[in-house]
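Numbering (mature numbering (1 follows the signal peptide of the UniProt record, and there is no 0)), first residue to last: -17 to -1, 1 to 445.
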């Protein structure tokens, strides 16, 4: 319920915002609230019999994706054009109120699920690992700042090197600290020591999250720069990508107990993610239909792998650590997404910025445009490409041939930049695939109803 209250507060802040800073603040609060709400995942794992955990998590993803998640870009575009962007937050307010009321009326969890009756809530709060959390957040943030600076046209080598190095050191220090000092660490060594049963899933979700989040962030930009600047068409083009959550998050996980071999399912999903993500390079900037269809399969694998990781690790982790393990899985997949977003956005931006001006100038001159007018022409080409009307109105000599040639040069430049991104995902995906080989198979644990019995069964087969 606390997470729903935070979501409601964030939605109200966003809906009433008058500046982008306030919008960002509201969205941040919503994100924090949603993260708290996701404690439902370990709750589902703990409540359901082993064989039905995939179905339980799958139907949870169904509620997330239908209809808002699977049509997010399209619905957001329609709201912006026909109503107001504030409606994205109004909808959040409506859902939060309904969920708060429903949770209050129908949900009665045990007050002390870990039987720690001797401690008050305030005592438990004070025992949280705030130092570990600070080190993790600070290290990751500083590291990402350094990575992001690489995408600028000019940057200080000393600044980039120092931020990346300092961030990495602080990040590593977080785990050294948590493995040795606190009594209740957020990164408990006893869980990380379960490499085949648990840690392997952290690595897989971190890497798979890198690729997924990077493509999710960049795909609408790729559609804008290479296929269409019509907002409605961009929303329609992105439907297969956003619908991938239904396939990977709901449909496929619902058959986990039928297919059973979770290790092989994860390996297969990673192969599909690797293949299709790299194959995007073959269809840009000319094949829009293939660009749409391939994202359905390439993007669905992350949610599939995520659900499988929750199911598989939940069969090995001690029951009292299910909440911590689920929190770590969510933390690593989100951290991986942040890293991937920084790395792949930096690659795309740096490649495009390095080549765009020269490519447009070369195409314009080849089409007969005078070199003396390039300073005004290049900005006009960029504005025209992203849909600014009458961009060439005050550009003398911008004939239809010049407009066509420079427009194609713009698309080809970004196609090259995005190809570099797609190719850059390959080594990361191969790493995740290699790590998945060491995952411990759950064998017959999915057939057992009791968590502890399933755990013992796996120990017997180790």
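Think of the CB as a built atom: it goes at the ideal place given N, C-alpha and C, for glycine as much as any other residue.
Keep in mind that this is a model prediction, so the values were computed, not measured.
Reduced DSSP category for residue 177 - H, G, I as helix; E, B as strand; rest coil:
coil
Helix, strand or coil at residue 392 [DSSP, three-state]:
helix
Just tell me which of 355, 319, 352, 246 has its CA closest to the CA of residue 425.
246
Cβ-Cβ distance between residue 497 and residue 153 below 8 Å:
The structure shown does not extend to residue 497, since the chain is modelled only from -17 through 445, so no value can be given for it.
Tell me the DSSP secondary structure of residue 219 in three-state form.
helix
Three-state class that DSSP yields for residue 112 in the structure shown:
coil
What residue from 53, 79, 387, 331 has the CA that sits closest to residue 264's CA?
331
Whose C-beta lies closer than 7 Å to the C-beta of residue 406 among residues of the same chain, with five residues either side of it excluded?
261, 264
Could you tell me which of 9, 216, 319, 55 sits nearest to residue 189, measuring between CA atoms?
319
Candidates 259, 106, 352: which alpha carbon is nearest residue 409's?
259
What does the alpha-carbon distance come out to for the pair residue 323 and residue 315?
12 Å
How big is the Cα-Cα spacing for residue 411 and residue 106?
42 Å
Could you pull the start and end residues of the alpha helix (DSSP H) that residue 78 belongs to?
70 to 89
Using only CA atoms, which one of 304, 7, 363 lies nearest to residue 374?
Checked all of 304, 7, 363; the closest Cα to residue 374 is 363.
Assess, as a yes-or-no matter, whether the stretch 210 to 224 is touched by the stretch 277 to 294 under the definition of 3 or more beta carbon pairs within less than 8 Å.
yes
Buried or exposed: where does residue 372 fall if 16 or more other Cβ atoms within 10 Å of its Cβ makes it buried?
exposed
Just confirm the distance between the C-beta atoms of residue 384 and residue 343, as a whole number of angstroms; I'd bet it's less than 8 Å.
Not really, about 14 Å apart at Cβ, beyond 8 Å.
Would you give the residue range spanned by the alpha helix (DSSP H) that residue 298 belongs to?
Element bounds for residue 298: n/a, residue is neither H nor E.
Residue range of the unbroken alpha helix (DSSP H) whose run includes residue 159
140 to 163
Limits of the unbroken alpha helix (DSSP H) element including residue 64
55 to 65
Whole-Å CB distance - residue 229 paired with residue 401, under 8 Å assumed
With a Cβ gap of about 25 Å, residue 229 and residue 401 do not count as contacting.
Look at the alpha carbon of residue 108 and the alpha carbon of residue 170, and state the distance between them as a whole number of angstroms.
16 Å
Three-way DSSP call (helix, strand, coil) for residue -9 in this model:
helix
Reduced DSSP secondary structure (H/G/I, E/B, other) of residue 92:
Per DSSP, reduced to three states, the secondary structure at residue 92 is coil, with no helix or strand assignment.
Secondary structure at residue 44, three-state DSSP: helix, strand or coil?
Residue 44 sits in a helix when the DSSP states are folded into three classes.
Distance between beta carbons of residue 218 and residue 286, contact taken as under 8 Å:
Residue 218 and residue 286 do not touch by the CB rule: their CB atoms are close to 20 Å apart, not below 8 Å.
Taking the C-alpha atoms as reference points, what is the distance between residue 12 and residue -9?
7 Å
Beta-carbon separation of residue 338 and residue 399 under 8 Å?
yes
Does the pairing of the stretch 59 to 76 with the stretch 232 to 239 give three or more beta-carbon distances under 8 Å?
No: the two stretches stay apart, fewer than three of their Cβ pairs being nearer than 8 Å.
Relative to the alpha-carbon of residue 256, which residue among 117, 336, 197 has its alpha-carbon at the smallest distance?
The shortest C-alpha separation from residue 256 is found at 197.
Tell me which residues share the same chain as residue 165 and place their Cβ nearer than 6 Å to its Cβ, disregarding the 5 neighbours each side in the sequence.
Here residue 165 has 112 as same chain residues with Cβ atoms under 6 Å from its own Cβ, once five neighbours each way along the sequence are excluded.
8 Å contact criterion, which residue 282 and residue 227 should meet: CB distance rounded:
4 Å between Cβ atoms; contact.
Can you tell which of 299, 249, 51, 233 has its C-alpha closest to the C-alpha of residue 191?
249
Proximity of residue 128 and residue 160 at Cβ, strictly below 8 Å:
no
Where does residue 172 fall in DSSP's three states?
helix
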